[in-house]
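Here's the structure we're looking at; comments come further down.
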């Protein structure tokens, strides 16, 4: 069984930065892929960024150059550094991990960008 705990979401103003964290219940090197997704009200859950076990990165076009995904193996933690936040980044952000072919999700953390 895999557990993922998301945190770090809050209310920020446009242009500010925020870092999300996802703590896993096992080594992050157990997962073939880890990533962040987001879901805005009335919309589908979309990929934000993901990292493969080998370190390959993928970003949504809308966040390229502003967001950075990273991992800390010692802390079994996945991060999402979000800079230059925009109102359209407002959503619930979910951590995701693929383990032995199964997909696991964190509980989500709310990010609101508003003046």
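Residue numbers (this note's numbering): 84 to 198.
Note that beta-carbon positions come from the ideal geometry of N, C-alpha and C, so glycine has one too.
In terms of Cα proximity to residue 130, the closest of 141, 136, 93, 109 is 141.
Taking a C-beta distance under 7 Å as the contact criterion, residue 95 and residue 196 qualify as a contact pair. Put simply, of 112, 90, 123 the residue whose alpha carbon is nearest the alpha carbon of residue 135 is 112.
Residue pairing for residue 95: DSSP places it in a beta bridge opposite 196.
DSSP places residue 172 in the helix class (H, G or I) of the three-state scheme. The way I'd put it, the region 176 to 183 doesn't touch the region 137 to 156; fewer than three beta-carbon pairs between them come closer than 8 Å.
Ranked by how close their Cα comes to the Cα of residue 170, the residues 159, 193, 186, 188 have 193 in first place.
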